[in-house]
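Engineer:
Here it is, written out as structure tokens:
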């Protein structure tokens, strides 16, 4: 591909879609093309690059080593081309854009009630696509170009991704008030003696609470693991279970139903809620607009 003369550069957008979707029909839908047209483009790409690029496995396509090598460079090059061909700035009141975000239901609870009204008011022609995944998966989706922004707690990102702190939350404990001693809280031995609920997409992923306890030489018993924050408080009512969570996920009226909040009987780190993105998105006017508007929700200025 040293000589670009005679090469249809539209093939590269097809390759980008195929590597993202790993499915011919979904890539065709994404590109607003017919399935035969995408299949024909893939055949031309295979000849052009002298590589199968994607091989069928089950109901999907698996990229070859050559395709995986090409993907990040392809995405970056196409993003730069789009930036060059896009008018300077982003007019949210007129332009159409689909913003692809990933977050847990904690992120959804603290962000979406602000973001959705903003988009309807300022960017009525733009769409929002929200997905959920674990930390590692969200970071991988950002690197692969599958999503635009991810939100959550990302302690070990390295230098591949850009990030901006939005706010810091703190941990609190929640338990049924009828089983708490008169001070309305528990000391560490009493805390450890009780069973606990853990909110996590995967039980085998290390969390800050148990990492901190392990550093102190302690371990708690997890009797309930579930992936959803929203339902967790209702499950501990009338039981001896303790839920240790970020305060922002709990509604102000959480104690009205007999549950009681108290501070953890050991020092836990703050919960830094951040937005992360790929550095190649830095010059995208629409992406920059969205980052900055989200940052302003929390008084952070530029995102």
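In full-length UniProt numbering, the protein residues as written are 1 to 303. We put the CB at the ideal spot given by N, CA and C, even for glycine. Bear in mind that the values here come from a model prediction, so they are computed numbers and not experimental data.
Name the two residues that bound the continuous alpha helix (DSSP H) containing residue 229.
Structural biologist: Residue 229 -> no alpha helix (DSSP H), and no H or E assigned at all.
Engineer: Please look up how many angstroms separate the CB atoms of residue 99 and residue 273, rounded, as I've assumed it's under 8 Å.
Structural biologist: With a Cβ gap of about 18 Å, residue 99 and residue 273 do not count as contacting.
Engineer: By DSSP's criteria, residue 73 is part of a beta bridge. Which residues make up the other side?
Structural biologist: For residue 73, which the question treats as bridged, DSSP gives no partner whatsoever.
Engineer: Examine the ligand PLP and report whether any of its heavy atoms sits within less than 7 Å of the Cβ of residue 187.
Structural biologist: In the structure on display, the ligand PLP does not appear, and there are no ligands present to speak of.
Engineer: Quick check: the Cα distance between residue 72 and residue 55, rounded to an integer number of angstroms?
Structural biologist: Residue 72 and residue 55: Cα-Cα distance of roughly 19 Å.
Engineer: In whole angstroms, give me the CA-to-CA distance for residue 94 and residue 281.
Structural biologist: Roughly 21 Å between the two C-alpha positions.
Engineer: Give a yes or no on contact between the region 247 to 257 and the region 114 to 121, applying the rule of three or more CB pairs nearer than 8 Å.
Structural biologist: No, the region 247 to 257 is not in contact with the region 114 to 121.
Engineer: With a 10 Å radius around its C-beta and 16 neighbouring C-beta atoms as the bar for buried, classify residue 81 as buried or exposed.
Structural biologist: Looking at its Cβ environment, which holds fewer than 16 other Cβ atoms inside 10 Å, residue 81 is exposed.
Engineer: Have a look at residue 211 and residue 165 and give me their C-alpha separation to the nearest angstrom.
Structural biologist: Each residue's Cα considered, the two are about 22 Å apart.
Engineer: Could I get the ranges of all uninterrupted beta strand (DSSP E) runs contained in the UniProt domain "HTH lysR-type" (7 to 64), with 3 residues as the minimum, in chain order?
Structural biologist: If we require 3 residues or more, the beta strand (DSSP E) runs fully inside the UniProt domain "HTH lysR-type" (7 to 64) come out as 54 to 57, 60 to 63.
Engineer: Any chance the region 199 to 210 sits against the region 173 to 191, with 3 or more Cβ pairs inside 8 Å?
Structural biologist: At 8 Å Cβ cutoff, the stretches do not touch.
Engineer: Counting only the same chain and skipping the five closest in sequence on each side, list residues whose C-beta sits under 6 Å from that of residue 346.
Structural biologist: Residue 346 is absent from the model: the chain starts at 1 and stops at 303.
Engineer: Nearest to residue 149 by CA position, among 292, 298, 299, is which residue?
Structural biologist: Closest by alpha carbon: 292.
Engineer: Rounded to whole angstroms, what's the CA-CA distance from residue 24 to residue 15? Just pull it up for me.
Structural biologist: C-alpha separation (whole angstroms): 10 Å.
Engineer: In chain order, what residues of the same chain have a beta carbon less than 7 Å from the beta carbon of residue 238, not counting five sequence neighbours either side?
Structural biologist: Only 176 meet the Cβ criterion.
Engineer: Alpha carbon to alpha carbon, how far is residue 182 from residue 161? Give it in angstroms, no decimals.
Structural biologist: Taking the straight line from one Cα to the other gives about 48 Å.
Engineer: Per DSSP, residue 103 is paired with what?
Structural biologist: For residue 103, which the question treats as bridged, DSSP gives the partners 151.
Engineer: Quick one: measure Cβ to Cβ for residue 139 and residue 276, integer angstroms, because I've assumed they're closer than 8 Å.
Structural biologist: Confirmed, Cβ separation roughly 7 Å.
Engineer: Going by other Cβ atoms of all chains shown within 10 Å of its Cβ, with 16 needed for buried, is residue 60 buried or exposed?
Structural biologist: Per the 10 Å Cβ criterion, exposed.
Engineer: At which residues does the beta strand (DSSP E) containing residue 162 begin and terminate?
Structural biologist: Residues 162 to 169.
Engineer: Quick check: what's the CA-CA separation for residue 191 versus residue 206?
Structural biologist: Taking the straight line joining both Cα atoms gives about 20 Å.
Engineer: In the DSSP assignment, find the unbroken alpha helix (DSSP H) run with residue 211 in it and report its ends.
Structural biologist: Segment 208 to 215, the alpha helix (DSSP H) holding residue 211.
Engineer: Closer than 8 Å, CB to CB, is residue 73 near chain B or not?
Structural biologist: Looking for chain B here will not work: only one protein chain is present.
Engineer: Which same chain residues end up closer than 8 Å to residue 129 when comparing Cβ atoms and leaving out the 5 residues on each side of it in sequence?
Structural biologist: Excluding sequence neighbours, residue 129 sits near 98, 99, 100, 101.
Engineer: Which residues in the same chain as residue 1 place their Cβ atom closer than 6 Å to its Cβ, once the five residues preceding and following it in sequence are excluded?
Structural biologist: Model confidence at residue 1 stands at a pLDDT of 47, short of 50, so the residue's coordinates are unreliable; what they give is reported in the following sentence. Once the five neighbours on either side are set aside, residue 1 has no close Cβ partner at all.
Engineer: Let me check one thing: in DSSP terms, what residues is residue 222 bridge-paired to?
Structural biologist: For residue 222, which the question treats as bridged, DSSP gives the partners 196.
Engineer: Using only alpha-carbon positions, find the residue among 96, 279, 283, 142 that is nearest to residue 124.
Structural biologist: Minimum Cα distance to residue 124 is reached at 96.
Engineer: Could you spell out where the beta strand (DSSP E) holding residue 144 opens and where it closes?
Structural biologist: Element bounds for residue 144: not the beta strand (DSSP E) but the alpha helix (DSSP H), 135 to 144.
Engineer: Look at the Cβ atom of residue 103, then the Cβ atom of residue 154, and state whether they are nearer than 8 Å.
Structural biologist: Result no, Cβ atoms of residue 103 and residue 154 do not sit closer than 8 Å.
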